[in-house]
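Notes follow once the structure below has been shown.
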Amino acid sequence: MAKKPATPLAYLMDMLYIQGSQLARTVHVDRTIISRWRNGRVELGPKSPYFEEIIRAIVKVNKERGLNTLERFFSSLEPGIAVDTEQDLESCVSRWLVDREFEAKYADKESGNSLYTATYKIYKGITGKMDALDDMFDTLASLPKGETFWGYDADSRVFKQNNNDTRKIQKRFLEAEKNKTKLITMIYLNRSQEEIYNMFEYWLPILLSTSAKAYYTYDMERPFYDYIFSIKGKQTLVGINGTNGDTYSAIYTDPMSQRQFDDFLERHLERFQPLTKNLGSRVVCNDFTRENMEAFNRNDTDQYVIATSMSFLSSGKNIIEGILMDLCLSSEEEHRLIDYYDNCRVGLSQFLSKEKYTRIILSLDYIKSLGQQPVIEVPVFSALLKRKVEVAGKHVIKELVSFLKFVKSDPKVQIALRPPASPELIENLNIWVKDGAAAYFHFDNDLSTRIVTEVFSAVNTFYAMVDKYWEQLPYDSKDKEWVYDQISKISGEKL
Numbered sequence: 133m134a135k136k137p138a139t140p141l142a143y144l145m146d147m148l149y150i151q152g153s154q155l156a157r158t159v160h161v162d163r164t165i166i167s168r169w170r171n172g173r174v175e176l177g178p179k180s181p182y183f184e185e186i187i188r189a190i191v192k193v194n195k196e197r198g199l200n201t202l203e204r205f206f207s208s209l210e211p212g213i214a215v216d217t218e219q220d221l222e223s224c225v226s227r228w229l230v231d232r233e234f235e236a237k238y239a240d241k242e243s244g245n246s247l248y249t250a251t252y253k254i255y256k257g258i259t260g261k262m263d264a265l266d267d268m269f270d271t272l273a274s275l276p277k278g279e280t281f282w283g284y285d286a287d288s289r290v291f292k293q294n295n296n297d298t299r300k301i302q303k304r305f306l307e308a309e310k311n312k313t314k315l316i317t318m319i320y321l322n323r324s325q326e327e328i329y330n331m332f333e334y335w336l337p338i339l340l341s342t343s344a345k346a347y348y349t350y351d352m353e354r355p356f357y358d359y360i361f362s363i364k365g366k367q368t369l370v371g372i373n374g375t376n377g378d379t380y381s382a383i384y385t386d387p388m389s390q391r392q393f394d395d396f397l398e399r400h401l402e403r404f405q406p407l408t409k410n411l412g413s414r415v416v417c418n419d420f421t422r423e424n425m426e427a428f429n430r431n432d433t434d435q436y437v438i439a440t441s442m443s444f445l446s447s448g449k450n451i452i453e454g455i456l457m458d459l460c461l462s463s464e465e466e467h468r469l470i471d472y473y474d475n476c477r478v479g480l481s482q483f484l485s486k487e488k489y490t491r492i493i494l495s496l497d498y499i500k501s502l503g504q505q506p507v508i509e510v511p512v513f514s515a516l517l518k519r520k521v522e523v524a525g526k527h528v529i530k531e532l533v534s535f536l537k538f539v540k541s542d543p544k545v546q547i548a549l550r551p552p553a554s555p556e557l558i559e560n561l562n563i564w565v566k567d568g569a570a571a572y573f574h575f576d577n578d579l580s581t582r583i584v585t586e587v588f589s590a591v592n593t594f595y596a597m598v599d600k601y602w603e604q605l606p607y608d609s610k611d612k613e614w615v616y617d618q619i620s621k622i623s624g625e626k627l
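Sequential numbering of the sequence shown, starting at 133, is according to the working numbering.
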């Protein structure tokens, strides 16, 4: 709603979005006194013992926000006025607070409109924050594809534990990603390991999106607003986390506020470093020869693999020969697939450790579906050949059988089958992660993502998540004899 302030103080409080309780705490007065000054029932003037403190508090809030709001405002009132120092601003604020003609000054002489009319909707409390985020996503869903949704939550209190509300908002992030929204999040990592774990458990499904980018900082200095989420160029949600009664959020929709928040987020992002990055290759096995993956393989530690869908492991030439016979390929295309499998076989020897264990989680539902589908698309091949490539499901099963035979006698390799209809760690995820090393992920249905984390605390968090997931699997599903028996029944081959 558009606010028409009754006093010069109310105008500045609206402009900077300062709550009465916040200003009262700063100058150490009762909130009702602020309310009387704001509404004009009691005059705020130089004779008040709190006048100078009010001025300093307003200038401080302006500085903490980092949007240069007061500088822009007073410059628009008096072009050429000095607004370069805190003393300059304090002088401007002092004159403004006692100006009885302030209404005439803040009105545009031609249109009569306010020089600064903040249009916003207020949400109160923690539930209000969730409602505000929900409203932002409703707006985002109504816009064309390709919008940018960016921001941060410096406190991230809402992410410290999983509950129905946080899962609801997480789902809205994932829905936005599916709508081709560009997601940019800035994460504060100066927190306890438990909080980092909870936070990344929330963010990981979102960060794996090809249209998502994550940045981090260990900066201890927090911005004025605890959280800002913005649909770039459209509207912005801002807020401060306090106690239940003081937590407040607001969604700004006026163009002037939006330009200021966009400028602020651009500058704010400069303080952060990339948390994730994409490798260049669209074909997983080619990445084994890249510098990032070579360093990954040299770090011989315990590791986990979740292969929800098509595996990136291969161990036999007979598989590619069967596939080549089924497909109508040119000579060049055949060479591409053969080179791919050769790289995979080389990568397999690097992948399996002689000293550390490798735990692999396969999807029983997916393997069963392979036998029920005449053909399936293989995204790796589609990326290689730059066209849709489908192969018989039996070839994928044979590839899996070949790998299982290869590792059957290796005591360091443990295989688990995720039981039918059981929850996935993350939907449609293939992930390879080591303890204390870089982590490597990819979605089977989108080969453009090769994410290598650069912050080891985050990597260990990912590893701990998969380790916890492994421990929660039923005992039988991790029994090697039972696993091999199930695959034998599906494939028709003795393992």
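Idealized CB from N, CA, C, for every residue including glycine.
Item	Value
Start and end residues, beta strand (DSSP E) containing D285	280 to 285
Among A439, D162, V533, I499, the one whose alpha carbon lies nearest that of Y490	It should be pointed out that residue 490 corresponds to Thr in this sequence rather than to Tyr. The shortest Cα separation from T490 among A439, D162, V533, I499 belongs to A439.
Nearest residue (CA-CA) to Q405, options Y149, L321, E196	L321
Chain-order list of residues whose beta-carbon lies under 8 Å from that of K312 (same chain, five-residue window excluded)	K277, G278, S343
Pair within 7 Å by beta-carbon distance, L148 and A264	no
Supposed contact pair Y255 and S115 - C-beta distance, whole angstroms, cut 8 Å	No information on residue 115 is available, as it lies outside the stretch 133 to 627 that the chain covers here.
N- and C-terminal bounds of the alpha helix (DSSP H) containing Y595	588 to 604
Residues sharing a beta bridge with P211, DSSP	Its beta-bridge partners do not exist; DSSP assigns none.
Buried or exposed by the 16-neighbour rule on C-beta atoms within 10 Å, applied to V507	exposed
Contacting residues, own chain, Cβ-Cβ under 6 Å from A156 (five flanking each side not counted)	R163, I166
Rounded C-alpha distance that separates I258 from E203	32 Å
Assigned exposure category for H527 - 16 Cβ within 10 Å defines buried	buried
D617 versus P606: straight-line alpha-carbon distance, rounded	16 Å
Backbone secondary structure at V510 - three-state DSSP	coil
Coarse secondary structure for G371, derived from DSSP in three states	strand
M133 (DSSP reduced to helix, strand or coil)	Unreliable placement is indicated for M133, whose pLDDT of 38 sits below 50; no coordinate value is reported for it.
Distance CB(E222)-CB(I187) smaller than 7 Å	yes
Alpha carbon of I316 to alpha carbon of I150, nearest angstrom	27 Å
DSSP state of G562 mapped onto helix, strand, coil	The question names Gly, yet the displayed sequence has Asn at residue 562. The answer is strand: DSSP assigns N562 an E or B state.
Rounded straight-line distance, which links the Cα of D216 to that of K195	12 Å
Cβ neighbour criterion (16 or more within 10 Å) applied to A590	buried
Spatial distance of Y348 from C224 (CA atoms)	37 Å
Paired residues, beta bridge with R550 - DSSP	S495
Simplified DSSP assignment, three categories, for K253	strand
C-alpha gap between S609 and F538, whole angstroms	20 Å
Inter-stretch contact at 8 Å, needing at least 3 Cβ pairs: the segment 539 to 554 / the segment 492 to 510	yes
Terminal residues of the beta strand (DSSP E) in which T317 lies	314 to 320
For L456 and R519, the rounded distance between their alpha carbons	16 Å
R232 versus I619, L176, I470, residue with shortest Cα-Cα distance	L176
Y334, enclosing beta strand (DSSP E) - first and last residue	Note, Y334: premise wrong, no beta strand (DSSP E); alpha helix (DSSP H) at 325 to 339.
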